[in-house]
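Visitor: First the structure, then my questions, so here it is.
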Amino acid sequence: MGEPAGVGPEITIKAWRQLNGLAGLAFCVLADPDIFRQLDPGLPLALLDDPADTAKAFPHALPVLPLHAGRAMPGKPSPATAKTVIESIATAVELAKSSRVSAVVTNPIQKSVLMNAGFRHPGHTEFIAELCGVTAPIMMLAIPGLRVVPLTVHMPLSQVPEKLSGSLIVESGLKVAAALSRDFGIARPRLAVAGLNPHAGEDGKLGREEQDHIIPAVAALCAQGVDARGPYPPDSLFSAANRQTYDAALCMYHDQALIPLKALDFEHGVNITLGLPIVRTSPDHGTALDIAGQNKASPESLMAAIEMAAAMASARRATV
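Dropping the structure here:
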């Protein structure tokens, strides 16, 4: 359910209304039904005991697997709801691990509220990875026509060069290639690897990271059967013509990956966790407390996350 005081409940209602009638697509939400009643007293709700009843209920009402969170005021997060937010994540993961649902889509959480309540993870991704027994999950961001993977994520730029290594690039590249094949149905994934420095280092004149780490890693990926190329100058990697030449771009740091993606299509960005035994996606935005409860939030990113989760689950089933 995400943060109940954020825009999650509002965009969930909007997503249900707009996706209703789309053949083969249905979702249920783990949440306190009173949160939806507060926002929209006339909203039809179907309170379920079993997610297997989702498809039958979906055309007529928003299917809810009820949890009790207590009263949530839009724009005003409360630590009293933190336990239920965490419970909703854990329950969703267990449902997916047991194949009772085909995928998990997470609404945005307010990390500070959860951490004040004793949550010891940086965010959704790390918690879900732990629940799945995975130690090194990979974050992919996607919009139509572009997938990017930041190899280093939430750290100061000054720490990125020391964090980068050939082994990080190779291990990440192998996982990304495997996920593109399993979850996106791409028979031979093409990976473009960005340089770290301007002009991809200019043959070592503008930095040694390309010569010391990135070029050997690309060669190692190719030796293991991955169609990997680069390093490419980051300032030209995301042009319209170049985006047609790869299925995912491996980027060296957070903003190198996210700036082009958000500049091209902010509304439809989807956050995907690779390397899990389950399918997990999320809208690529935060809780937006400043507009919560005002009927201003767009459901486009959440709908894109739901549709992508369904497509990934379908691709996964086809490979079994």
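Just so we're aligned: the sequence shown equals residues 0 to 319 in numbering that gives the first Met the number 0. Each residue gets a CB set at the ideal place from its N, CA and C atoms; glycine is no exception. No experiment lies behind these values; they were computed from the predicted model shown.
First and last residue of the beta strand (DSSP E) that includes residue 24?
Guide: Counting along the chain, residue 24 falls outside any beta strand (DSSP E), and DSSP gives it neither H nor E.
Visitor: For the region 96-164, list the beta strand (DSSP E) runs that are entirely contained and at least 3 residues long, ordered along the chain.
Guide: The qualifying runs are 137-142, 145-149.
Visitor: Between which two residues does the alpha helix (DSSP H) carrying residue 214 extend?
Guide: Counting along the chain, the alpha helix (DSSP H) containing residue 214 begins and ends at 214-222.
Visitor: By DSSP's criteria, residue 269 is part of a beta bridge. Which residues make up the other side?
Guide: In DSSP, residue 269 forms a bridge with 141, 282.
Visitor: Quick check on DSSP: helix, strand or coil for residue 189?
Guide: It is a strand residue.
Visitor: Between which two residues does the beta strand (DSSP E) containing residue 65 stretch?
Guide: Unbroken beta strand (DSSP E) run through residue 65: 61-65.
Visitor: Would you say residue 137 reaches chain B, if we count a Cβ-Cβ gap shorter than 9 Å as a contact?
Guide: Absent here is chain B; the protein component of the structure consists of one chain.
Visitor: Taking the Cβ atom as the reference point for each residue, do residue 240 and residue 269 lie within a distance shorter than 9 Å?
Guide: No; because the gap between Cβ atoms is not below 9 Å, this pair is not in contact.
Visitor: Since residue 44 sits in a beta bridge, which residues does DSSP pair it with?
Guide: DSSP lists 61 as partners of residue 44.
Visitor: Report the residue from 123, 195, 288 whose alpha carbon sits nearest the alpha carbon of residue 236.
Guide: It is 195.
Visitor: Would you decide whether residue 161 is buried or exposed? Buried here means 16 or more other CB atoms lie within 10 Å of its CB.
Guide: Classification for residue 161: exposed.
Visitor: Taking the C-alpha atoms as reference points, what is the distance between residue 247 and residue 127?
Guide: Approximately 23 Å between the Cα atoms of the pair.
Visitor: Kindly list the residues whose CB is nearer than 7 Å to the CB of residue 298, restricted to its own chain and excluding five residues on each side of it in sequence; keep chain order.
Guide: Answer for residue 298: 10, 13, 14, 17, listed in chain order.
Visitor: If distances are taken between C-alpha atoms only, which option among 48, 130, 62, 97 comes closest to residue 86?
Guide: Answer by Cα proximity: 130.
Visitor: Which of the three DSSP states, helix, strand or coil, is assigned to residue 182?
Guide: Residue 182 falls in the helix class under three-state DSSP.
Visitor: Tell me which same chain residues have a C-beta within less than 8 Å of the C-beta of residue 178, skipping the five on either side of it?
Guide: Result list for residue 178: 137, 139, 273, 274, in chain order.
Visitor: Can you look up residue 207 in the DSSP assignment and give me helix, strand or coil?
Guide: Here residue 207 sits in coil by DSSP.
Visitor: Does the distance from the C-beta atom of residue 91 to that of residue 105 stay below 9 Å?
Guide: Yes. Within cutoff.
Visitor: Do residue 231 and residue 193 have their beta-carbon atoms positioned less than 9 Å apart in this structure?
Guide: Yes. Within cutoff.
Visitor: Would you kindly report the start and end of the unbroken beta strand (DSSP E) that includes residue 229?
Guide: Looking at the DSSP string, the run of the beta strand (DSSP E) that includes residue 229 is 226-231.
Visitor: Which value, in whole angstroms, describes the spacing of the CA atoms of residue 60 and residue 301?
Guide: Distance between the alpha carbons of residue 60 and residue 301 is about 18 Å.
Visitor: State the beta-bridge partners of residue 249 as determined by DSSP.
Guide: According to DSSP, residue 249 bridges with 148, 192.
Visitor: Measuring only from the beta carbon, is residue 307 closer than 8 Å to any heavy atom that is part of the ligand HEM?
Guide: Ligands are entirely absent from the displayed structure, and the ligand HEM is therefore not among its contents.
Visitor: Going by C-alpha to C-alpha distance, which of 156, 63, 7 sits closest to residue 255?
Guide: Here the closest residue by C-alpha is 156.
Visitor: By DSSP, does residue 0 sit in helix, in strand, or in coil?
Guide: Correct three-state label for residue 0: coil.
Visitor: Would you kindly check if the distance between the Cβ of residue 226 and the Cβ of residue 145 is under 9 Å?
Guide: No.
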